[in-house]
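Each position in the sequence shown, counted from 1, maps to that position plus 5 in my numbering. By construction, the Cβ of each residue, glycine as well, lies at the ideal position given by its N, Cα and C atoms.
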Amino acid sequence: MTILAVDAGSPDVASAEHLIHEVATVLGPPVLACTHFVRVGRPHVAITLVLAPGELPAEYGVAWGSHRSGPEDLAAGAGQALAEFEAGGGRAVVFPGSPGLSGVLTVAELLERSAIEQVSVLASPDPAEPEIMLDTRGYLRPERKTGVLTLATTPGLLPDGSIGLVPFEILDPRACCGGH
6 MTILAVDAGS PDVASAEHLI HEVATVLGPP VLACTHFVRV GRPHVAITLV LAPGELPAEY
66 GVAWGSHRSG PEDLAAGAGQ ALAEFEAGGG RAVVFPGSPG LSGVLTVAEL LERSAIEQVS
126 VLASPDPAEP EIMLDTRGYL RPERKTGVLT LATTPGLLPD GSIGLVPFEI LDPRACCGGH
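Written out as structure tokens, the structure reads:
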């Protein structure tokens, strides 16, 4: 399989996730797709996909292997995303098992049903225990940490009112403190 990095200058992760789905309509569904914060030039978000490269719009920056194409600044951003992915980093948007993960399940079930290999708990040095209940809230974005797909969680309220785990990253976060 080929790791393809694409940089369309997405200003935020939501736009980059939209780009993943847009590229997937051209190339077919990826096995794994991640977002990467680009620190080359103006800050923005690029993506990486594990698949065979195909035709992409000329306005995108693209990197695979040692090849770069598209506008120079975006090709550099795609190159950075590719290097980060090859170093074991990236925030996964699409990953094996992701379509079937919703509702409340145990950490063990999450690990069995998906490519997620570890569940961390905020401020805890130890991974989550397998029997702990986790509410996916329909939105899981694990990060690749040295190549290990890890879901960051925090203690939270489950739908039945008990305490369990919830994903640390939430869908559609709101700015606090008046937008500061």
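query: Any beta strand (DSSP E) of 3 or more consecutive residues that is wholly inside the segment 39 to 68; result: 49 to 55
query: Runs of beta strand (DSSP E) wholly within the segment 136 to 163 (minimum 3 residues, chain order); result: 138 to 140, 148 to 150, 153 to 162
query: W69 versus E117 - alpha carbon distance; result: 31 Å
query: Beta-carbon gap between H41 and E77 smaller than 7 Å; result: no
query: A80 beta carbon less than 7 Å from that of G66; result: yes
query: Cβ pair count under 8 Å reaching 3, the segment 151 to 171 against the segment 132 to 141; result: yes
query: Same chain, Cβ closer than 8 Å to H185, neighbours up to 5 away in sequence not counted; result: Confidence is the limiting factor: at H185 the pLDDT is only 42, short of 50, which leaves the residue's position unreliable and the question unanswerable from this model.
query: Residues of its chain near S119, where Cβ-Cβ distance is below 7 Å and the 5 sequence neighbours each way are ignored; result: F100, P101, G102, S103, L106
query: Cα-Cα separation, P163 to G169; result: According to the sequence shown, residue 163 is Leu rather than Pro. Roughly 6 Å between the two C-alpha positions.
query: Those residues which DSSP pairs with I8 across a bridge; result: V55
query: Contact belief for V112 with P135 at Cβ below 8 Å, rounded distance in angstroms; result: 5 Å
query: W69: CB within 6 Å of a non-hydrogen atom of the ligand COA; result: No copy of the ligand COA appears in this structure; indeed no ligand is present at all.
query: Simplified DSSP state of S167, which is helix, strand or coil; result: coil
query: Under the three-state DSSP convention, the category A113 falls into; result: helix
query: For V98 and E22, believed in contact at Cβ under 8 Å, the rounded distance; result: 5 Å
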